[in-house]
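Engineer:
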Amino acid sequence: MKIKAYASVFRMRWKMEIQYRGAMIGGVICQVFFGLILVSLYHALYDGKPQSIPMESVSTYVWLQQAFFRMLLSSDSELAGKIRTGDIAYDLSRPLNLYGYYYVRILALKLMGSIMRAVPMLLFAACLPKGWGVMLPVSGGALCCAITALLVGLCCVCALENITMGITMRTLDPKGIQSILNLLMMTLSGNLLPLTLFPDSWQKVITMLPYAQLLDAPIRLYTGVYAITFAPRVLLVQVMWAFLLGGMGVLLWRRNQHRLIIQGG
Amino acid sequence: MNTIKLYLRSMAILMKCQFQYPVSFFLQTIGQLVMEGGEFLAVLLIVDRFDTLHQWTPGNLYFFFGMMSVSFYLTECFGRGVTGNFPNMVRTGQLDTVLLRPRGVLTQVLCSAIDPRRITCIAIGSAALVLGSRLSQVQWTWWKGLLLIEAIGMSMFLILGLFLIEAIFCIYSVKSVEMVNALTYGGRSACQYPVDIYPRPLRTLFSAAVPFAMTLHVPAACILDRSLYGWPSWTAFVSPLSGLVFFTAVYLAFRKAILHYRSTGS
Numbered sequence: 668m669k670i671k672a673y674a675s676v677f678r679m680r681w682k683m684e685i686q687y688r689g690a691m692i693g694g695v696i697c698q699v700f701f702g703l704i705l706v707s708l709y710h711a712l713y714d715g716k717p718q719s720i721p722m723e724s725v726s727t728y729v730w731l732q733q734a735f736f737r738m739l740l741s742s743d744s745e746l747a748g749k750i751r752t753g754d755i756a757y758d759l760s761r762p763l764n765l766y767g768y769y770y771v772r773i774l775a776l777k778l779m780g781s782i783m784r785a786v787p788m789l790l791f792a793a794c795l796p797k798g799w800g801v802m803l804p805v806s807g808g809a810l811c812c813a814i815t816a817l818l819v820g821l822c823c824v825c826a827l828e829n830i831t832m833g834i835t836m837r838t839l840d841p842k843g844i845q846s847i848l849n850l851l852m853m854t855l856s857g858n859l860l861p862l863t864l865f866p867d868s869w870q871k872v873i874t875m876l877p878y879a880q881l882l883d884a885p886i887r888l889y890t891g892v893y894a895i896t897f898a899p900r901v902l903l904v905q906v907m908w909a910f911l912l913g914g915m916g917v918l919l920w921r922r923n924q925h926r927l928i929i930q931g932g
Numbered sequence: 015m016n017t018i019k020l021y022l023r024s025m026a027i028l029m030k031c032q033f034q035y036p037v038s039f040f041l042q043t044i045g046q047l048v049m050e051g052g053e054f055l056a057v058l059l060i061v062d063r064f065d066t067l068h069q070w071t072p073g074n075l076y077f078f079f080g081m082m083s084v085s086f087y088l089t090e091c092f093g094r095g096v097t098g099n100f101p102n103m104v105r106t107g108q109l110d111t112v113l114l115r116p117r118g119v120l121t122q123v124l125c126s127a128i129d130p131r132r133i134t135c136i137a138i139g140s141a142a143l144v145l146g147s148r149l150s151q152v153q154w155t156w157w158k159g160l161l162l163i164e165a166i167g168m169s170m171f172l173i174l175g176l177f178l179i180e181a182i183f184c185i186y187s188v189k190s191v192e193m194v195n196a197l198t199y200g201g202r203s204a205c206q207y208p209v210d211i212y213p214r215p216l217r218t219l220f221s222a223a224v225p226f227a228m229t230l231h232v233p234a235a236c237i238l239d240r241s242l243y244g245w246p247s248w249t250a251f252v253s254p255l256s257g258l259v260f261f262t263a264v265y266l267a268f269r270k271a272i273l274h275y276r277s278t279g280s
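First to last, the sequence lines map onto chains C and D. Numbering-wise (our numbering), the first sequence opens with residue 668 and increments by one. Numbering-wise (our numbering), the second sequence opens with residue 15 and increments by one.
Structure representation (structure tokens):
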């Protein structure tokens with residue numbers, strides 16, 4: 668019964684996200700332009716000093732990051748508004764768990780938003796010459812592992828998002844904390860600079876952080892930087908984070924709910 | 015003269031407003047620090063792994079990065095009215111009141127906002143500039159200082175012009191058109207690095223159409239005692255003026271666009 672309710676919340680958000688096609692086209696053009704700039708930059712850098720990681724792998728990394736950018740930075744702007752205006756009281760009266768309700772909403776938003784953008788972008792990137800565009804996955808198995816890892820990573824980032832929102836319930840203003848967490852995300856998820864190009868000693872730590880689970884881990888599986896035998900370990904770390912962050916979020920929200928003060932009406 | 019006085023007075027009032035919410039202001043300033051710090055970290059890590067970028071040494075790269083950050087965030091700080099508020103003014107119909115007053119539209123829009131949070135970004139940019147010029151062993155002379163100020167000032171005109179293009183689109187479509195952001199923010203990301211490393215299409219785009227290369231890279235190369243396109247050094251004083259030309263062209267288009275403004279009525 669509950670599952671059915673969550674599924675319909677998911678479907679509703681999903682359909683809503685499809686409505687914004689204009690925003691999607693704008694976003695895709697923006698992201699393609701950024702992708703081209705970054706790939707050109709790495710080409711120039713590789714001219715001077717080629718690295719052990721092949722150029723194709725770096726360009727693939729860049730394109731996949733740009734294609735799924737929406738998964739990193741998109742949040743439920745409605746929720747922040749509801750917390751501020753006090754409209755969250757309506758959600759509290761729903762016969763659903765508040766955390767679960769918003770978790771499903773953000774999941775649908777991020778999944779649909781990024782798939783809509785990723786498909787045209789990856790088609791474009793696939794047409795680019797070798798070393799500039801997206802390469803094929805190293806093997807069918809790697810592709811399967813990468814997709815699985817992407818989905819688990821998505822669960823991690825949604826849990827992370829809900830923790831941010833949990834903090835917003837206390838501070839009321841999402842801007843401060845959101846901007847810090849989001850920008851840590853830009854750097855530590857590999858969007859600004861592929862994590863594969865970070866100093867090797869840093870990578871050991873950074874790849875363990877939750878930010879790396881979202882896109883970095885799946886891309887490494889896709890490009891073969893992580894061998895397929897390594898996949899179970901990657902997935903284990905991801906699942907661990909997903910549960911840990913989810914658990915923290917649930918606790919935080921539950922405590923918030925007990926001491927929630929509705930801001931007027 | 016009166017306009018400048020008006021501007022300064024608005025700025026003073028707006029600053030007072032900003033400090034009414036000290037905690038939020040502080041957190042957002044830290045947020046900016048993390049953002050710009052992350053960008054600079056990316057450059058540091060690139061240098062760590064790749065050492066050089068074509069003809070440019072690490073010091074040179076920091077210098078280019080610093081010049082771009084300082085000009086971009088100074089514009090975002092003082093031009094906040096155009097970069098941030100304008101779409102809202104159009105959407106809510108607030109622009110109507112602006113049109114009624116006996117002052118220029120752009121003056122009033124610029125007077126409407128300031129963004130002091132950017133101060134941390136500007137600080138990091140300046141630090142990168144100083145670090146870059148130390149590492150590149152720049153011999154500072156008075157004309158080099160003048161050139162630096164000219165380059166940053168003209169780049170600010172260029173960046174403000176780019177944001178004005180967005181404002182023009184906004185007048186026609188009411189919605190803010192994020193697609194135009196690609197040129198503004200894309201230009202910032204791309205032109206943190208000297209433009210001659212890019213393939214020809216990008217190089218042409220940033221030299222001729224959106225002349226970041228002219229306002230920033232040619233003078234920066236001259237200050238670093240190098241040359242971007244092999245041009246003589248006097249060109250470094252002339253080429254930044256293209257920023258002003260760009261701004262003037264966009265401003266004229268903006269005035270045309272304002273004539274087409276239709277209030278949303280609310």
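Cβ coordinates follow ideal geometry from the N, Cα and C atoms, glycine included.
For the 8 Å Cβ check, are there 3 or more pairs between the segment 123 to 132 of chain D and the segment 95 to 107 of chain D?
Structural biologist: With a cut-off of 8 Å, the segment 95 to 107 of chain D and the segment 123 to 132 of chain D count as touching, because enough Cβ pairs lie within range.
Engineer: Just to confirm the assignment, what range does the alpha helix (DSSP H) spanning C:H710 have?
Structural biologist: Reading the first sequence from its first residue, position 43 is the one you call residue 710 of chain C. R688 to G715 is the extent of the alpha helix (DSSP H) around C:H710.
Engineer: Report the three-state DSSP secondary structure of D:L255 (helix, strand or coil).
Structural biologist: Walking along the second sequence from the start, residue 255 of chain D turns up at place 241. Three-state result, D:L255: helix.
Engineer: Would you mind reading off the limits of the alpha helix (DSSP H) that contains C:C811?
Structural biologist: Position 144 of the first sequence holds residue 811 of chain C. Run containing C:C811: G807 to T838, per the alpha helix (DSSP H) assignment.
Engineer: Could you tell me which uninterrupted alpha helix (DSSP H) segments, each at least 4 residues in length, are contained entirely in the segment 872 to 908 of chain C, listed from first to last along the chain?
Structural biologist: With a minimum length of 4 residues, the continuous alpha helix (DSSP H) runs that stay inside the segment 872 to 908 of chain C are 877 to 881 and 883 to 890.
Engineer: Quick check for students: name the residue ranges of the alpha helix (DSSP H) that lie wholly in the segment 718 to 806 of chain C, counting only runs of 4 or more.
Structural biologist: Complete alpha helix (DSSP H) runs here, min 4: 722 to 734, 736 to 739, 744 to 752, 755 to 759 and 765 to 794.
Engineer: Take D:Q32 and list the residues in its own chain whose beta-carbon comes closer than 7 Å to its own, dropping the five residues that flank it on each side.
Structural biologist: What you label residue 32 of chain D is simply residue 18 of the second sequence in a count that begins at 1. Within the same chain, D:Q32 has close Cβ partners F39 and P130.
Engineer: Does the beta carbon of D:M103 come closer than 8 Å to any beta carbon on chain C?
Structural biologist: Reading the second sequence from its first residue, position 89 is the one you call residue 103 of chain D. Cβ-Cβ to chain C under 8 Å: no for D:M103.
Engineer: Does any CB atom of chain D fall closer than 8 Å to the CB of C:L912?
Structural biologist: Within the first sequence, residue 912 of chain C is the residue found at index 245, counting from 1. No, C:L912 lies away from the interface with chain D (no Cβ there is under 8 Å from its Cβ).
Engineer: So D:E53 contacts chain C; which residues on that side make the cut at Cβ distance below 8 Å?
Structural biologist: As a position in the second sequence, residue 53 of chain D is number 39, starting the count at 1. Residues of chain C passing the Cβ test: L859.
Engineer: Determine the closest residue to D:Y207 out of D:P36, D:I60 and D:G107, with distance taken between C-alpha atoms.
Structural biologist: For the purposes of this step, residue 207 of chain D is taken as the residue at position 193 of the second sequence. Residue D:I60 is the option with its Cα nearest to D:Y207.
Engineer: Mind checking whether the beta-carbon of C:F735 lies closer than 7 Å to any heavy atom of the ligand MN?
Structural biologist: Although the ligand MN was asked about, the structure shown includes no ligands whatsoever.
Engineer: Per DSSP, what kind of secondary structure is D:L242 in: helix, strand or coil?
Structural biologist: The residue labelled residue 242 of chain D in the question sits at position 228 within the second sequence. DSSP places D:L242 in coil when its eight states are reduced to three.
Engineer: In terms of residues, what are the limits of the alpha helix (DSSP H) holding D:Y186?
Structural biologist: What you label residue 186 of chain D is simply residue 172 of the second sequence in a count that begins at 1. Where D:Y186 is concerned, the enclosing alpha helix (DSSP H) stretches over W156 to S187.
Engineer: How about C:S702 and C:A792: are their beta carbons less than 8 Å apart?
Structural biologist: Counting from 1 along the first sequence, the entry for residue 702 of chain C is found at position 35. Counting from 1 along the first sequence, the entry for residue 792 of chain C is found at position 125. Going by the sequence as given, residue 702 of chain C is Gly instead of Ser. Cβ atoms of C:G702 and C:A792: closer than 8 Å.
Engineer: Which residue from C:R837, C:G694, C:P877 and C:Q698 puts its Cα closest to that of C:Q905?
Structural biologist: Here residue 905 of chain C corresponds to residue number 238 of the first sequence, with the count starting at 1. Out of C:R837, C:G694, C:P877 and C:Q698, C:P877 has the C-alpha closest to the C-alpha of C:Q905.
Engineer: Between the Cα of C:G780 and the Cα atoms of C:G913, C:K669, C:L763 and C:Y687, which residue gives the shortest distance?
Structural biologist: Looking up residue 780 of chain C in the first sequence gives position 113. When only C-alpha atoms are compared, the closest one is C:Y687.
Engineer: Quick check on the burial criterion: 16 or more other C-beta atoms within 10 angstroms. Buried or exposed for C:V786?
Structural biologist: Here the question's residue 786 of chain C lines up with position 119 in the first sequence. Looking at its Cβ environment, which holds fewer than 16 other Cβ atoms inside 10 Å, C:V786 is exposed.
Engineer: Hey, would you say D:L67 sits closer than 8 Å to C:L803, going by beta carbons?
Structural biologist: Locating residue 67 of chain D in the second sequence gives position 53, counting from the first residue. Locating residue 803 of chain C in the first sequence gives position 136, counting from the first residue. No, the Cβ-Cβ distance between D:L67 and C:L803 is not below 8 Å.
Engineer: Using beta carbons (cut-off 8 Å, strictly below), is D:R63 in contact with chain C?
Structural biologist: By one-based count along the second sequence, residue 63 of chain D stands at place 49. So, interface residue.
Engineer: Throw me the rounded Cβ distance for the C:V676 and C:V771 pair, which I believe falls under 8 Å.
Structural biologist: For the purposes of this step, residue 676 of chain C is taken as the residue at position 9 of the first sequence. For the purposes of this step, residue 771 of chain C is taken as the residue at position 104 of the first sequence. Sure, about 5 Å apart at Cβ, within 8 Å.
Engineer: What are the residues in the segment 195 to 221 of chain D lying within 7 Å of chain B by C-beta distance?
Structural biologist: The chain labelled as chain B is not found among the protein chains of the depicted structure, namely C and D.
Engineer: Which residue wins for smallest C-alpha separation from D:A4, given the options D:V37, D:G167, D:I128 and D:A142?
Structural biologist: For residue 4 of chain D there is no data in the structure shown, the boundaries of chain D being 15 and 280.
Engineer: Using a 10 Å radius around the Cβ and a threshold of 16 neighbouring Cβ atoms, would you call C:M875 buried or exposed?
Structural biologist: Here residue 875 of chain C corresponds to residue number 208 of the first sequence, with the count starting at 1. C:M875 comes out exposed.
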